[in-house]
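Here the protein sequences line up with chains A and B, keeping their order. To convert, note that position 73 of the first sequence is 72 in numbering that gives the first Met the number 0; the numbers rise steadily by one, no gaps. To convert, note that position 383 of the second sequence is 382 in numbering that gives the first Met the number 0; the numbers rise steadily by one, no gaps. For glycine and all other residues, C-beta sits at the position ideal for the given N, C-alpha and C. These numbers come from a predicted model, not from an experiment. Since the structure comes first, as structure tokens, the remarks are kept for the end.
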Amino acid sequence: MKVLLPFVLLASLAACQKDRIEVREEPKEDAPAAALAPASRPSGVKWTAPAGWTEAPGNGMRVATLTPPPAAGKAEVTVIALPGDVGGELANVNRWRGQLALPPVGEADLPAARSELRSKLGALNLYDFTGTGTNKTRLVAGMLSVSGTTWFFKLMGDEKAVAAARPAFLKLLEGLHAS
Amino acid sequence: MRPNDVPLRRVTDFLSSMKLTLACLGLLMILVLACTLLQVPLGTHIAVERTIRSFLVWYTPDWSPVRLPVFPGGGLVGGVLLLNLLFAQFLKLERSRRKAGLWLAHLGLALLFIGEFSTALFQVESQMPVEVGQTKNYSEDTRQMELAVVDVTDPGKDTVTSIPESFLRPGAVIETPSLPFKLAVKRWYDNSDLGMRKPTDPPSEATAGVGPNLSISEAPIVTSDDAQNAAAALIEPVSGRDGLGTYWVSNALGAPQGFVREGRTWRLVLRPRRYYLPFSVTLKEFKHDIYPGTDIPKNFSSLVRLNDPSAGEDRDALIYMNHPLRYGGKTFYQASFGQNDQLSVFQVVRNPGWLIPYLSCILVALGLLLHFGTKLAVSLRKAA
């Protein structure tokens, strides 16, 4: 039986290794430390906010919120990063169209809905949709895939405010670079 | 010999036989080959876990809902080999000074097996990414998650209740004295597809946080070494009969979500499991040298400051390839880098049995030297 002793000893020690709930005190998380967790804080893309725009850190799945200077109506840019292809191009285009109460389009309609923009991180797909009705809502969205993460930059708001902010928004997209 | 000893004798003969040794060595060779080939589709970690660090190799055919054992795993073969070695040593090897070298060499081999069992059971691997100038006192295991329930009310510090992912099984209700509420686990996905919820999608199961805007579905786990699963859990904190909302948490989501309960603010975060250290490491400098005129890497090195006030330790250490820092039972290896050479990633390994293989090699070498030295001396004496 002596030969079994190492096994018994190892098995008993292994039993002490069981997972358990721990309670501990941690210092408040600072921003640089948070930026290091690769999946929890998406990194890889940086941008420069246009002059006069304000930028606020995001929450939840939103990475940041940018607000153009006050114009005729409201508009804001949201930056969202999610792993994978997030359902693919068609699903996202129809999600945006759904937000404007527009009917969904099919795969064959995508080339017409899409235009391309060059950024320092490569080609970026751009979409521009305007809703219907008296107070029209407009949405300009850029979609970019970087290292397995899909980045969405969406300018959305009142049609006139979006039209005023669009040139600066496109400059922001063209200036996207690696972090 | 008494007749009732015969079956026992057969067993001991079998356990100490050379045939068993050869069979086990053959099986180990097949396992090593299979593990090497499986690393392509499964990645190193899973291939090793399924072949070398398991007692049986399991396979689920397409036509079967049940997984079937198809081959003995490294744990079983190694265990039998260790028994074989010990039985052969104690039953067959002559107890004499003449054979002292062989005794020592066999003891060394047995230690090698025990060392591998110890590594399989107790080794913990994690990663520590540190930016230049940053100080860290924890490492993370990206293959395992933890649900951190954080009381952020105190402006100076956070109180974290860390719940390992093994507790997050659907239907589980987690109750712990540090939390004034229970946590009901509604769903758990090892990997998931996250997307924005479309108007046509069914209503979200989440009622609070970012979950109501998301569509989350289970996805096959990713296995390659450079990919990470997006784990997701649907959690409902419950106080008495009151539900405090149902939240989707995922390591792929950004900032934490939470709620206020009786004047205290709580955050729910699913994140890679953390291992806190009783000391801190500050990255002072990272060097990425290349051969002149090429992009071929020559050397990666990280200059760190090790600070352990409880042990009065405050010194610099240089970590580079094949030159890890060993401190406090942990070994820090230079593993990776990034962010234009502003980020260094260390592999942090805790292995209480790390010395065993070295000891084993010394014993085997000494044993063989002694054995062949004795033989040589006898031959020389005879020749003289």
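Taking the C-alpha atoms as reference points, what is the distance between residue i and residue j?
| i | j | result |
| --- | --- | --- |
| F152(A) | E88(A) | 14 Å |
| V237(B) | E217(B) | 25 Å |
| I355(B) | R94(A) | 59 Å |
| R325(B) | D313(B) | 14 Å |
| L368(B) | T134(B) | 48 Å |
| T47(A) | L172(A) | 9 Å |
| R40(A) | E130(B) | Note on R40(A): pLDDT 47, under 50, position unreliable in the model; no value is reported. |
| P277(B) | D307(B) | 7 Å |
| W353(B) | T118(B) | 8 Å |
| F13(B) | V123(B) | 36 Å |
| P56(A) | F336(B) | 26 Å |
| P103(A) | W150(A) | 22 Å |
| V151(B) | S161(B) | 14 Å |
| L384(B) | G25(B) | Because chain B is modelled from 0 through 383, residue 384(B) falls outside the range shown and cannot be assessed. |
If we count the other Cβ atoms within 10 Å of its Cβ and call it buried at 16 or more, is residue i buried or exposed?
| i | result |
| --- | --- |
| K18(B) | exposed |
| C34(B) | buried |
| R263(B) | exposed |
| F180(B) | buried |
| H287(B) | exposed |
| S191(B) | buried |
| Q333(B) | buried |
| G51(A) | exposed |
| G292(B) | exposed |
| C360(B) | exposed |
| R273(B) | buried |
| A364(B) | exposed |
| Y126(A) | buried |
| P37(A) | Confidence in P37(A) is poor, its pLDDT being 35 and thus under 50, which makes the residue's placement unreliable; the coordinate value appears in the next sentence. So P37(A) counts as buried. |
Determine the closest residue to residue i out of the options, with distance taken between C-alpha atoms.
| i | options | result |
| --- | --- | --- |
| Y275(B) | R19(A), D18(A), R23(A) | R23(A) |
| G121(A) | G97(A), L143(A), A160(A), A63(A) | L143(A) |
| E204(B) | T245(B), V348(B), A22(B), L14(B) | T245(B) |
| T136(A) | N124(A), M155(A), S118(A), T149(A) | M155(A) |
| W187(B) | Y290(B), R270(B), A230(B) | A230(B) |
| T158(B) | E235(B), L252(B), V268(B), Q38(B) | V268(B) |
| S249(B) | T175(B), G194(B), V31(B) | G194(B) |
| A109(B) | G132(B), G100(B), L80(B), P128(B) | L80(B) |
| K159(A) | L81(A), T133(A), D18(A), P82(A) | T133(A) |
| G328(B) | M127(B), V348(B), E115(B) | V348(B) |
| S214(B) | A140(A), L81(A), T53(A) | L81(A) |
| I173(B) | P198(B), K156(B), K197(B), A147(B) | A147(B) |
| P211(B) | Q256(B), L111(B), P219(B), V69(B) | Q256(B) |
| S309(B) | G78(B), S279(B), G208(B) | S279(B) |
| F86(B) | L282(B), T20(B), G73(B), E284(B) | T20(B) |
Based on DSSP bridge pairs, tell me the residues matched to residue i.
| i | result |
| --- | --- |
| Y58(B) | L67(B) |
| S114(A) | L125(A) |
| V39(B) | According to DSSP, which records beta bridges pairwise, V39(B) is partnered with nothing at all. |
| V463(B) | Any property of residue 463(B) remains undetermined from this structure, which presents chain B solely from 0 to 383. |
| L252(B) | L252(B) pairs with nothing; no bridge assigned. |
| A70(A) | G72(A) |
Taking residue i as part of the alpha helix (DSSP H), name the residues at either end of that continuous run.
| i | result |
| --- | --- |
| P26(A) | Run containing P26(A): none in the alpha helix (DSSP H); it sits in the beta strand (DSSP E), 21-26. |
| K170(A) | 158-173 |
| N228(B) | Segment: none, N228(B) is in no alpha helix (DSSP H) and carries neither H nor E. |
| Y357(B) | 355-382 |
| E88(A) | 88-98 |
Could you pull the start and end residues of the beta strand (DSSP E) that residue i belongs to?
| i | result |
| --- | --- |
| T152(B) | Looking at the DSSP string, T152(B) is not in any beta strand (DSSP E), and its letter there is neither H nor E. |
| H287(B) | 263-289 |
| T66(A) | 61-66 |
| N298(B) | 296-307 |
With a threshold of 8 Å between beta-carbons, can residue i be considered close to chain D, or not?
| i | result |
| --- | --- |
| P166(A) | Note that chain D does not occur in the displayed structure, where the protein chains are A and B. |
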